[in-house]
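Take a look at the structure below.
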Amino acid sequence: MVQQLVANGIIAGSIYALIALGFALIYRTVKFFHFAHGVVYTVGAYLAYTFTITVGIDPLVSFFLAVILAGVMGLGIDRLVYYPLRRQKASDLIFLLASFGIFIFIQNLIQLLYGAQILTLRRGPIVEGHHVLGTIITNTQILILVTSILLSVALWLYVKHSKLGKSIRAVSDDPVAASIVGINPERVIGLSFFIGSMLAGAAGILISLETNLEPTMGFTAILKGIIAAIIGGIGSIPGAVFGGYFLGMAENLGIWKIQAGWKDAIAFGILILFLLVRPGGIMGIPTERERL
Amino acid sequence: MPLLEVDNLSVRYGSIKAITDVSFHVEQGEIVAIVGPNGVGKSTALNALSGIIESNGGLITSGEVRFEGHNITGFKTHELVQQGISLVPEGRRIFPRMTVIENLEMGAFTIKDKSIVNNEIQRMLDLFPLLKDRTLQQAGTLSTGEQQMLALGRSLIIQPKLLLADEPSLGLSPNFVDMIFEKLVEINSEGTSILLVEQNARMALEACHRGYVFEMGKISFDGKKDSLVNDERVQKSYLGK
């Protein structure tokens with residue numbers, strides 16, 4: 115029982131980690147809560163559905179396309195909505211409201227196009243999973259776990275070592291200083307939206323291999339992603355991954371003794387606990403703590 | 004033709020006039036100092052030509068800035084590096100959560116060739132040996148003086164034609180103040196022209212070739228080093244004689 119809950123926690127954590135990663139990456143450069151990140155996750159899943167089921171392209175190709183398009187969508191949201199607001203030097207509250215607006219608008223658009231009913235991306239018979247250490251794990255779950263870890267490591271290496279990745283950290287530290295050395299902060303912000311949104315799209319596709327699609331799926335997802343990012347220390351990349359797995363485990367181990375309906379309550383309980391006791395998160399940095 | 008020419012520059016923050024009709028220039032190879040008390044618009048003048056005022060809500064209402072004869076008025080900050088203008092900003096503004104080496108790498112952001120970047124980083128570490136033992140340290144953990152060295156190194160890595168230095172001695176211990184001015188003179192002797200904004204008039208006038216004295220958002224007078232240092236008004240107000 116416990117082993118299975120741990121396994122479930124790890125799988126859920128893989129998804130949370132991916133959402134939190136993209137959210138954290140974007141937060142680093144723009145310093146506001148890009149709530150609409152959740153709807154990019156939804157769009158990733160629906161695009162994958164459209165390409166594989168409606169159009170009938172090879173799943174791998176369509177997932178790849180969906181991820182790229184999710185990235186383009188994130189970039190588009192930034193250029194069309196946030197960029198004009200940045201130029202007007204809008205307050206954080208305006209950004210948050212705009213972000214909610216985008217979220218609701220696109221979510222309703224999906225509902226309009228695909229209907230409110232549940233869709234299923236998974237095809238073929240349900241195969242029994244592998245028995246590993248007293249748990250049952252399906253191939254899909256292994257795929258989720260491995261993809262999530264690979265993407266996390268790739269992003270970490272990119273931000274740590276590549277020139278453009280470092281420029282993301284530079285803008286995160288001080289956008290004015292970044293422009294002083296010749297970095298165009300707007301381009302770096304665009305880059306972080308593109309990469310971050312691809313990660314959200316990937317998370318949406320991965321989860322839709324496991325469960326069903328519905329237009330509102332992005333809401334819980336972004337809440338969990340944000341909680342994970344805060345637990346880990348908002349803006350920190352290893353922190354986001356850690357926060358994701360921590361949250362996934364806590365939720366699933368929590369229902370060992372409590373009813374399953376309390377999952378979300380556990381997640382928010384942890385959030386409140388962290389905000390009270392350690393608002394900077396596990397790997398938080400003081401300068402970021404001040405902003406929370 | 005002067006390297007940098009600023010003609011009748013006026014800047015506003017909201018409804019407040021920060022500087023009015025300010026004109027100055029920097030000749031090739033010069034160190035030019037802008038001195039004056041706190042809050043008279045010295046830094047504003049510098050930030051106007053580096054484009055930084057835009058990020059803190061300032062607006063150029065009139066005037067023109069020319070660099071090597073080209074109009075660069077209203078250029079964005081990140082576009083200036085390409086022109087060969089580098090800035091050491093007030094308060095240093097190093098990247099606190101990046102290492103010393105990474106800060107220097109970011110200074111070389113516009114240089115495409117990796118081997119040149121590595122050579123230049125090495126040159127900066129030779130110029131500022133204090134940074135050599137701390138290459139992998141997070142820049143935010145350096146002392147103020149070391150951070151100023153790093154900020155200077157970061158801005159020099161592209162071998163700028165013109166260095167804009169905003170209050171480089173502010174908040175530094177006397178040792179570091181001396182060191183910073185020594186470095187500025189050394190850099191200048193190797194061909195980089197420098198526009199220096201300083202509250203520390205004594206040091207700035209000592210190091211410069213020419214200077215401008217700012218008062219209440221205007222230039223009240225200017226002159227060569229010797230005439231300024233011997234000027235009665237300067238001696239009384241800024242050199243404490």
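Chains A and B, in that order, give the protein sequences. The working numbering applies: residue 115 is where the first sequence begins, and numbers increase by one. The working numbering applies: residue 4 is where the second sequence begins, and numbers increase by one. Glycine included, every Cβ here is placed at the ideal spot set by N, Cα and C.
Q: Using three-state DSSP, classify Asp169 of chain B as helix, strand or coil.
A: Reduced to three states, the DSSP call for Asp169 of chain B is strand.
Q. Counting only beta-carbon atoms, is Val285 of chain A nearer than 7 angstroms to chain B?
A. Judged by the 7 angstroms Cβ criterion, Val285 of chain A is not in contact with chain B.
**Q.** When A:Leu385, A:Val154, A:Leu269, A:Leu135 are compared against Gln221 of chain A, the one with the closest alpha-carbon
**A.** Out of A:Leu385, A:Val154, A:Leu269, A:Leu135, A:Val154 has the C-alpha closest to the C-alpha of Gln221 of chain A.
Q. At a cut of 8 angstroms, does the stretch 364-379 of chain A reach the stretch 6-26 of chain B through at least three beta carbon pairs?
A. By the Cβ test, the stretch 364-379 of chain A is not in contact with the stretch 6-26 of chain B, since fewer than three Cβ pairs between them sit closer than 8 angstroms.
Q: Just the chain A side, please: which residues come within less than 7 angstroms of Gly110 of chain B by C-beta, in chain order?
A: Those are Val295, listed as they occur along chain A.
**Q.** Selected residue, minimal CA-CA separation from Phe307 of chain A, among A:Val116, A:Pro198, A:Val144
**A.** When only C-alpha atoms are compared, the closest one is A:Val144.
Q) What span of residues does the beta strand (DSSP E) with Val29 of chain B cover, start to end? A) Its beta strand (DSSP E) spans residues 19-29.
(Q) Within the continuous beta strand (DSSP E) that includes Tyr241 of chain B, where are the two ends? (A) For Tyr241 of chain B, no beta strand (DSSP E) segment is defined, and its DSSP state is neither H nor E.
Q: Pull up the DSSP beta-bridge partners for Tyr215 of chain B, would you.
A: For Tyr215 of chain B, the pairing in a beta bridge is given by DSSP as B:Ile37, B:Asp225.
Q. Where do the N-terminal and C-terminal ends of the alpha helix (DSSP H) with His275 of chain A fall, by residue?
A. Residues 253-275.
(Q) If I measure Cβ to Cβ from Val120 of chain A and keep anything under 8 angstroms in the same chain, skipping five residues before and after, which residues do I get? (A) Around Val120 of chain A: Thr249, Met363, Asn366, Leu367.
Q. Since Gly110 of chain B contacts Ile160 of chain B with CB under 8 angstroms, what's their CB separation in whole angstroms?
A. So it is a contact: roughly 4 angstroms between Cβ atoms.
**Q.** DSSP state of Gly143 of chain B mapped onto helix, strand, coil
**A.** Gly143 of chain B sits in a helix when the DSSP states are folded into three classes.
Q: Label Val91 of chain B either buried or exposed according to how many other C-beta atoms from any shown protein chain fall within 10 Å of its C-beta, with 16 as the threshold for buried.
A: That one is buried.
(Q) Quick test of the definition: if touching needs 3 or more C-beta pairs under 8 angstroms, does the stretch 339-346 of chain A touch the stretch 268-288 of chain A? (A) The stretch 339-346 of chain A, when compared against the stretch 268-288 of chain A, does not touch it at the 8 angstroms Cβ threshold.
Q | Other residues of its chain near Val68 of chain B: CB distance less than 6 angstroms, five sequence neighbours each side excluded | A | Excluding positions up to five away in sequence, the list reads Val9, Leu52, Ile75, Thr76.
Q) DSSP on Asp10 of chain B, reduced to helix/strand/coil? A) For Asp10 of chain B, the three-state secondary structure derived from DSSP is strand.
(Q) Taking only three categories from DSSP, how would you classify Glu67 of chain B? (A) Here Glu67 of chain B sits in strand by DSSP.
Q) Any idea if Gly42 of chain B is buried or exposed, counting beta-carbon neighbours within 10 angstroms, 16 or more meaning buried? A) Around the beta carbon of Gly42 of chain B, a 10 Å sphere encloses fewer than 16 other beta carbons of the protein chains shown; the residue is thus reported as exposed.
**Q.** Closer than 8 angstroms at the beta carbon, the chain A residues around Met101 of chain B
**A.** Chain-order list of chain A residues neighbouring Met101 of chain B: Lys280, Arg283, Ala284, Asp287, by C-beta distance under 8 angstroms.
Q | Backbone CA spacing between Asn253 of chain A and His244 of chain A [nearest angstrom] | A | Approximately 8 angstroms between the Cα atoms of the pair.
Q) Is it true that the CB of Val200 of chain B sits closer than 7 angstroms to the CB of Asp169 of chain B? A) The answer is yes: Cβ separation under 7 angstroms.
Q.
Would Arg96 of chain B pass as an interface residue toward chain A - the criterion being a Cβ-Cβ separation below 7 angstroms?
A. A Cβ of chain A is located within less than 7 angstroms of the beta carbon of Arg96 of chain B.
**Q.** Given Phe224 of chain B as reference, the closest of B:Phe27, B:Lys20, B:Met4, B:Ala21 once Cα atoms are compared
**A.** Residue B:Phe27 is the option with its Cα nearest to Phe224 of chain B.
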